[in-house]
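Colleague:
Chains as they are written, first to last, in the UniProt record's numbering: chain A, 1 to 387; chain B, 1 to 387.
#1: Could you check where the beta strand (DSSP E) with residue 337/B kicks off and where it finishes?
#2: Return the CA-CA distance between residue 12/B and residue 81/B, expressed in angstroms with no decimal places.
#3: What are the residues in the region 50–78 of chain B lying within 8 Å of chain A by C-beta distance?
#4: Report the neighbours of residue 244/A on chain B: residues whose CB is nearer than 9 Å to its CB, in chain order.
#5: Starting from residue 175/A, follow the alpha helix (DSSP H) in both directions and report where the run begins and ends.
#6: Is there a Cβ from chain B that is less than 8 Å from the Cβ of residue 134/A?
#7: Which residue marks the beginning of the beta strand (DSSP E) containing residue 383/A, and which one marks its end?
#8: For residue 17/A, count neighbouring Cβ atoms within 10 angstroms of its own Cβ and tell me buried if that reaches 16, exposed if not.
#9: Shortest alpha-carbon distance to residue 364/A belongs to which of 46/A, 171/A and 210/A?
#10: Output, in sequence order along the chain, the residues in the region 182–200 of chain B whose CB is closer than 9 Å to any CB in chain A.
#11: Give me the chain A residues within the contact set of residue 129/B, using Cβ-Cβ distance strictly less than 8 Å, ordered along the chain.
#12: Contact defined as beta carbons within less than 8 Å: I believe residue 320/B pairs with residue 255/B. What is the distance between those atoms, to the nearest angstrom?
#13: Just reading off the beta strand (DSSP E) that residue 271/B is part of, what are its end residues?
#14: Residue 2/B CB to nearest chain A CB: under 8 Å?
#15: Straight-line CA distance for residue 286/B to residue 140/A?
#16: Could you check where the alpha helix (DSSP H) with residue 11/B kicks off and where it finishes?
#17: Figure out for me which residue from 310/A, 68/A, 55/A and 49/A has the closest Cα to the Cα of residue 62/A.
#18: Grab me the residues of residue 40/A's own chain with a C-beta within less than 7 Å of its C-beta, minus the 5 sequence neighbours each way, in chain order.
#19: Checking 8 Å against the spacing of the C-beta atoms, do residue 97/B and residue 330/A come in under that value?
#20: For a contact defined as C-beta to C-beta under 9 Å, what are the partners of residue 312/B on chain A?
#21: Using a Cβ-Cβ cut-off of less than 9 Å, give me the residues of the region 212–234 of chain B that come near chain A, in sequence order.
#22: Check whether the region 20–27 of chain A touches the region 145–158 of chain A, counting contact only when three or more Cβ pairs, one atom from each stretch, lie closer than 8 Å.
#23: Taking the C-alpha atoms as reference points, what is the distance between residue 370/B and residue 79/B?
#24: Among 208/A, 187/A, 283/A and 218/A, which one has its Cα closest to the Cα of residue 196/A?
#25: What is the C-beta distance between residue 167/A and residue 260/A, in whole angstroms, given that I count them as a contact (C-beta under 8 Å)?
#26: Within the 8 Å Cβ cut-off, does residue 12/A reach chain B?
#27: On the DSSP letters alone, give me the boundaries of the alpha helix (DSSP H) that residue 49/B sits inside.
#28: Would residue 357/A and residue 292/A be called neighbours here (beta carbons separated by less than 8 Å)?
#29: Can you tell me where the beta strand (DSSP E) with residue 53/B in it begins and where it stops?
#30: Curious, which full-length beta strand (DSSP E) runs of at least 3 residues does the region 113–158 of chain B contain?
#31: Return the chain-ordered list of same chain residues with a C-beta closer than 7 Å to the C-beta of residue 15/B, the five sequence neighbours on each side being excluded.
#32: Would you call the region 176–190 of chain A in contact with the region 308–324 of chain A, where contact means no fewer than 3 C-beta pairs closer than 8 Å?
#33: How about the region 294–301 of chain B and the region 266–282 of chain B: do they share at least three Cβ pairs that are nearer than 8 Å?
#34: Could you tell me the boundaries of the alpha helix (DSSP H) in which residue 300/A lies?
#35: Give the secondary structure of residue 2/B by DSSP, where H, G and I count as helix, E and B as strand, and everything else as coil.
#36: Pick out whichever of 191/B, 290/B, 307/B and 380/B has its Cα sitting closest to the Cα of residue 387/B.
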């Protein structure tokens with residue numbers, strides 16, 4: 001791998017302090033004495049705690065953001081060494097797994113210490129969130145803590161929608177890495193190569209070009225289009241006339257890209273060429289509409305107008321610490337675009353029953369309009385060797 | 001990649017039917033009229049539905065296992081094409097994302113159709129589970145459904161502990177792939193190579209050797225040992241005297257391996273050589289104790305006796321569709337070993353304050369004792385080039 005200039009890893013303490021201050025301002029308005037966080041992205045957003053160990057479901061992890069002051073981590077002992085490398089200073093640990101409720105007891109004590117009696121504690125509960133804690137433990141916690149656990153008034157989701165410059169730099173880097181991998185696809189994909197081998201080799205290209213890891217790769221290949229966009233690879237070899245689509249979410253320093261590319265095995269059928277050009281036109285229309293103050297629904301309409309249909313699914317979404325984040329680009333979404341938002345534009349088109357094409361790019365909203373984070377594809381579908 | 005014989009992908013319908021029948025027998029004893037499943041492993045266990053699309057948190061997914069008859073899927077429309085390739089025949093879809101509670105309404109109707117009034121529906125709620133549904137939606141569902149939603153009496157977790165032959169074959173394959181990648185580590189790791197480059201290249205080796213994807217890689221390197229085992233890679237170059245540890249959970253056909261290997265950069269210090277040999281001896285003692293009828297706690301004690309300490313953390317765990325599954329190998333775990341269980345043996349040893357070594361192998365329990373799924377490491381730590 002050739003050396004390239006990459007943004008530094010991790011953020012300065014000030015990045016997290018600013019996030020906490022914004023959260024605390026919103027907590028004050030919502031009447032919340034603390035936030036209780038349990039999931040990977042929520043914990044990392046306020047602490048910078050980055051590990052793939054979340055893959056193990058055994059142990060719960062907690063971060064408490066009080067109404068004033070720094071967050072407090074209440075975590076299994078196995079995570080102490082790494083959490084002490086974060087900016088947090090108050091890190092409380094419990095043995096896990098262990099018999100009994102050691103972690104819940106420590107969390108309960110911490111919550112009661114950090115909040116006044118009778119106050120309310122917000123837990124992310126809205127769209128796209130989940131509680132990373134067994135339901136039985138959740139019930140125990142609610143019984144144990146002499147505070148009212150309520151929803152977080154969507155505070156964490158709303159904050160995460162608007163990225164800092166440092167966050168946009170990571171996503172831009174992830175996009176650049178994926179772009180280089182896509183540019184090398186002709187090295188690994190041609191007629192006769194099984195789709196699962198293309199998937200495997202493409203992930204290797206992503207890593208070779210600088211991905212930290214490749215949490216997401218989907219795609220499909222079929223004559224003149226494909227049936228869905230979320231399937232794992234089959235062993236069917238690519239064949240002349242196929243349209244191959246790969247959609248990757250790779251990670252750089254904890255931030256995702258999420259875009260795809262379509263390829264034709266040999267010269268495309270006229271309807272495929274037209275469909276691809278139409279998707280690019282729709283994407284450009286979405287890009288042009290993506291200005292501060294526009295609604296997410298406006299982007300949907302701009303793309304749907306070009307497509308000439310009203311797709312039932314969304315035509316894009318937020319992007320950042322997770323492969324997909326809110327809000328969705330759907331007709332009914334009235335949330336306004338704000339500088340710092342990072343979005344995917346993802347129009348789709350039906351070429352024939354059971355044969356679709358989907359295109360996707362990543363953009364960021366600035367004060368003056370959108371900028372491309374992925375290098376936008378040309379109207380002409382790329383052609384791979386079919387012999 | 002050379003061609004190798006791999007187990008076929010996916011399971012026959014009979015595999016899933018047997019799982020459903022076992023679940024239904026336990027549901028009858030627990031007085032449950034249905035199971036409601038929301039998470040990736042739970043849904044896949046009963047359907048075979050395999051996709052990386054779970055990386056997107058936007059949409060909920062539901063599978064209902066009734067007291068008799070086949071499971072019913074209640075899923076977003078985007079998943080219909082892939083779910084129709086599973087053995088399920090009753091697949092109900094809703095638009096998502098969408099305003100309102102379309103998915104919850106369809107799920108509620110389905111639950112009421114499949115269960116008698118006044119009955120109880122089990123939801124996995126115990127250790128290592130989570131509800132993959134926003135808390136606000138969970139509250140809405142409980143209000144809407146005229147049934148009692150209770151815990152699942154640990155039925156799904158208990159079933160998943162005992163693997164079928166087809167499942168063990170997948171885990172064995174994942175272990176073999178990782179074993180080949182570890183054998184090639186000298187190609188990519190030597191003094192002077194930054195740890196993050198080793199991580200990246202090792203994931204490429206895993207893919208080249210046949211991994212479908214690499215959800216987990218952790219590791220560390222430090223002089224004479226390392227401080228923790230869950231950190232992502234730093235950019236610090238490997239140096240003579242370092243112990244390098246890589247711990248990977250790669251996936252083949254939806255099943256994980258989870259084991260590590262330690263390497264010394266140049267000849268190991270005597271205390272490192274001794275520690276490694278002790279870890280191997282402890283692993284072998286755990287293996288020897290791993291017979292049907294033994295308790296998980298017996299394995300802990302067998303390993304702890306060799307280590308000469310009583311580590312606070314666990315010394316292994318279940319393994320399968322997830323990187324880590326229950327039960328844990330801890331002193332207080334009385335669950336008996338049963339043929340078909342797949343476990344990791346994972347002893348650790350402190351070489352000095354802040355310097356540890358961890359070793360890990362994967363085994364399966366058979367009628368007559370344990371078998372190795374990973375090819376067990378030798379007592380001598382492997383040596384990498386230090387110049």
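Each residue gets a CB set at the ideal place from its N, CA and C atoms; glycine is no exception.
Modeller: In terms of the structure at hand:
#1: Here residue 337/B corresponds to residue number 337 of the second chain, with the count starting at 1. From DSSP, residue 337/B is part of no beta strand (DSSP E); its letter is neither H nor E.
#2: As a working mapping, residue 12/B is identified with position 12 in the second chain. As a working mapping, residue 81/B is identified with position 81 in the second chain. Cα-Cα distance, rounded: 19 Å.
#3: If the cut-off is 8 Å between Cβ atoms, the region 50–78 of chain B has 50, 51, 52, 53, 55, 56, 57, 58, 77 and 78 near chain A.
#4: Position 244 of the first chain, counted from the start, is the residue given in the question as residue 244/A. What residue 244/A touches in chain B: nothing, since even the nearest Cβ is about 17 Å away.
#5: As a first step, residue 175/A must be located in the first chain, where it is residue number 175. Segment 165–183, the alpha helix (DSSP H) holding residue 175/A.
#6: Reading the first chain from its first residue, position 134 is the one you call residue 134/A. Cβ-Cβ to chain B under 8 Å: yes for residue 134/A.
#7: What you label residue 383/A is simply residue 383 of the first chain in a count that begins at 1. According to the DSSP assignment, residue 383/A belongs to the beta strand (DSSP E) that extends over 382–384.
#8: Locating residue 17/A in the first chain gives position 17, counting from the first residue. Residue environment analysis places residue 17/A among the exposed positions, since fewer than 16 neighbouring C-beta atoms fall within 10 angstroms of its C-beta.
#9: For the purposes of this step, residue 364/A is taken as the residue at position 364 of the first chain. The option with the nearest alpha carbon to residue 364/A is 171/A.
#10: For the region 182–200 of chain B, which is checked against every Cβ of chain A, the residues closer than 9 Å are 196, 197, 199 and 200.
#11: Here residue 129/B refers to the residue found at position 129 of the second chain. By Cβ distance, chain A contributes 57, 134 and 135.
#12: Taking the second chain and counting its residues from 1, the one referred to as residue 320/B is at position 320. Taking the second chain and counting its residues from 1, the one referred to as residue 255/B is at position 255. Rounded, the Cβ-Cβ distance is 6 Å, consistent with contact.
#13: Position 271 of the second chain, counted from the first residue, corresponds to residue 271/B. First-last for residue 271/B: 270–289, but that is the alpha helix (DSSP H), not the beta strand (DSSP E).
#14: Residue mapping note: residue 2/B aligns to position 2 of the second chain, counting from 1. Residue placement at residue 2/B is poorly supported in this model, since its pLDDT is 40, which falls under 50; the coordinates are not used for a value here.
#15: Taking the second chain and counting its residues from 1, the one referred to as residue 286/B is at position 286. Taking the first chain and counting its residues from 1, the one referred to as residue 140/A is at position 140. Cα to Cα, the separation comes out at about 35 Å.
#16: Here residue 11/B refers to the residue found at position 11 of the second chain. Element bounds for residue 11/B: n/a, residue is neither H nor E.
#17: As a first step, residue 62/A is located in the first chain; it is residue number 62 there, counting from the start. The shortest C-alpha separation from residue 62/A is found at 49/A.
#18: On the first chain, position 40 is the one that residue 40/A refers to. Answer for residue 40/A: 54, listed in chain order.
#19: In the second chain, the residue the question calls residue 97/B occupies position 97. In the first chain, the residue the question calls residue 330/A occupies position 330. Cβ distance < 8 Å, so residue 97/B and residue 330/A count as in contact.
#20: If you number the second chain from 1, residue 312/B lands on position 312. Near residue 312/B (Cβ distances below 9 Å), the residues of chain A are 77, 95 and 98.
#21: Close to chain A, meaning a Cβ-Cβ distance shorter than 9 Å, are the following residues of the region 212–234 of chain B: 212, 213, 214, 215, 216, 217, 218, 227, 228, 229, 230, 231, 232, 233 and 234.
#22: Judged by Cβ distances under 8 Å, the region 20–27 of chain A makes contact with the region 145–158 of chain A, as three or more pairs qualify.
#23: Here residue 370/B corresponds to residue number 370 of the second chain, with the count starting at 1. Here residue 79/B corresponds to residue number 79 of the second chain, with the count starting at 1. Taking the straight line from one Cα to the other gives about 39 Å.
#24: By one-based count along the first chain, residue 196/A stands at place 196. Distance from the Cα of residue 196/A is smallest, within the candidate group 208/A, 187/A, 283/A and 218/A, for 218/A.
#25: As a working note, residue 167/A is residue 167 in the first chain. As a working note, residue 260/A is residue 260 in the first chain. In fact, because the Cβ distance is near 22 Å, the residues do not count as touching under 8 Å.
#26: In the first chain, counting from the first residue as 1, residue 12/A sits at position 12. Answer no: the Cβ-Cβ gap between residue 12/A and chain B never drops below 8 Å.
#27: As a first step, residue 49/B must be located in the second chain, where it is residue number 49. No alpha helix (DSSP H) contains residue 49/B, which DSSP labels as neither H nor E.
#28: If you number the first chain from 1, residue 357/A lands on position 357. If you number the first chain from 1, residue 292/A lands on position 292. The answer is no: Cβ separation not under 8 Å.
#29: Within the second chain, residue 53/B is the residue found at index 53, counting from 1. Neither: residue 53/B is in no beta strand (DSSP E) and is coded neither H nor E.
#30: 120–123 and 148–151
#31: Position 15 of the second chain holds residue 15/B. Hits under 7 Å: 164 and 166.
#32: Judged by Cβ distances under 8 Å, the region 176–190 of chain A makes no contact with the region 308–324 of chain A, as fewer than three pairs qualify.
#33: Output reads no: the region 266–282 of chain B does not touch the region 294–301 of chain B.
#34: To locate residue 300/A, count along the first chain from 1; it is residue 300. Under the DSSP assignment, residue 300/A falls in the alpha helix (DSSP H) whose first and last residues are 296–307.
#35: Against the second chain, residue 2/B aligns to sequence position 2. Here residue 2/B scores only 40 on pLDDT, less than 50, and its place in the model should not be relied on; the value that follows carries that caveat. Look at residue 2/B here: in three-state DSSP terms it is coil, with no helix or strand label.
#36: What you label residue 387/B is simply residue 387 of the second chain in a count that begins at 1. Of 191/B, 290/B, 307/B and 380/B, the residue nearest in Cα terms is 191/B.
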